[in-house]
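Written out below as structure tokens is the structure these notes cover.
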Amino acid sequence: MRKGWIGKICFALGFEQTGPFTADMLSPVESVWEIWHWKAFRTNPQGYAMDKTHRYTRQKPEGRANPHKAADGAEVWIARPEDAGETVEKKQPAPTSYQ
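In this note's numbering, the protein residues as written are 6 to 104.
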């Protein structure tokens, strides 16, 4: 394995909520997916997967989202809000003593 590659190992599992499945995130298809995303470097130490929703829409949704050019040239917005609850990427202070 190449040095520095461990941060790129991940596994995602998605469940369709609305709209048809397309493997191309930049397709012009509007959809909402429930995504569980496990990342070796970020979430493996805790043993949890990130629980997010992926929203693909032609109009800017509420909250944080980024515009992208879809395959047909139209603008598509991609939002990936985390579901309710504690994030698995929560920063913890460094320990001050051995426990």
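For glycine and all other residues, C-beta sits at the position ideal for the given N, C-alpha and C. Just so you know, these numbers come straight off a predicted model, no measurement behind them.
Can you list the alpha helix (DSSP H) stretches of 4 or more residues lying completely in the region 60-84, in chain order? none
LYS18, enclosing beta strand (DSSP E) - first and last residue: What sits at residue 18 in the sequence shown is Leu, not Lys. Start and end: 15-23.
Quick one: give me the first and last residue of the beta strand (DSSP E) that SER36 is part of. 36-44
Using the three-state DSSP reduction, which class does ASP56 fall into: helix, strand or coil? strand
For GLU39 and ALA99, I'd like the C-alpha separation in whole angstroms. 33 Å
Is it buried or exposed for MET30, if we count other Cβ within 10 angstroms and need 16 for buried? exposed
Can you check which of these residues, ALA54, ALA75, THR101 and TYR53, is closest to TYR61 by C-alpha distance? ALA75
Residue closest to LYS57, alpha-carbon to alpha-carbon, out of GLY78, GLY19 and GLY24: GLY19
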